[in-house]
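Structure, as structure tokens:
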């Protein structure tokens, strides 16, 4: 535990404590976040075994730095599980710039919610 981040640094030890064998290619890392927390859970590829929570961070913002920090704590580089997550998380992990809800199009700065101003320009 460091601050509000609680993570399992010894995944192999966790599997031993659960009397399970750990083969990285049989598990995938599910990453999810909300406005108040980040979560990481291992899901079995064939959905035969139960999911295993490996990290939880309360009050951490969804950012590139927090994602990297969380992945370092659970030693993702050692296990290299396949990652499944929503597109926003995948974008963060790949280092892509996230869209803005005010200007959702990356090619223009048209505010799609400003209907009155947009229609006034046409006339």
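Residue numbers (the working numbering): 5 to 127.
Each residue gets a CB set at the ideal place from its N, CA and C atoms; glycine is no exception.
Leaving aside the five residues before and after residue i along the sequence, list all residues of the same chain whose C-beta is less than 7 Å from its C-beta, in chain order.
i	result
residue 125	Note that residue 125 scores 46 on pLDDT, short of 50, meaning its location in the model is unreliable and no value can be drawn from it.
residue 19	25 and 26
residue 49	30, 31 and 32
residue 39	none
Kindly list the residues whose CB is nearer than 6 Å to the CB of residue i, restricted to its own chain and excluding five residues on each side of it in sequence; keep chain order.
i	result
residue 56	46
residue 83	28
residue 16	26
residue 89	35
residue 64	42 and 70
Which one or two residues does DSSP pair with residue i in a beta bridge?
i	result
residue 60	10 and 43
residue 89	35
residue 48	31
If we ignore side chains and look at the alpha-carbon of each, how far apart do residue i and residue j end up?
i	j	result
residue 12	residue 86	18 Å
residue 6	residue 62	11 Å
residue 23	residue 37	29 Å
residue 75	residue 53	22 Å
residue 73	residue 51	28 Å
residue 10	residue 21	18 Å
residue 58	residue 78	7 Å
residue 60	residue 44	6 Å
residue 14	residue 91	28 Å
Closer than 8 Å by C-beta to residue i: which residues in its own chain qualify, once you throw out the five before and the five after it? Chain order, please.
i	result
residue 216	There is simply no residue 216 to check, as the chain begins at 5 and stops at 127 in what is shown.
residue 8	61, 62, 63 and 64
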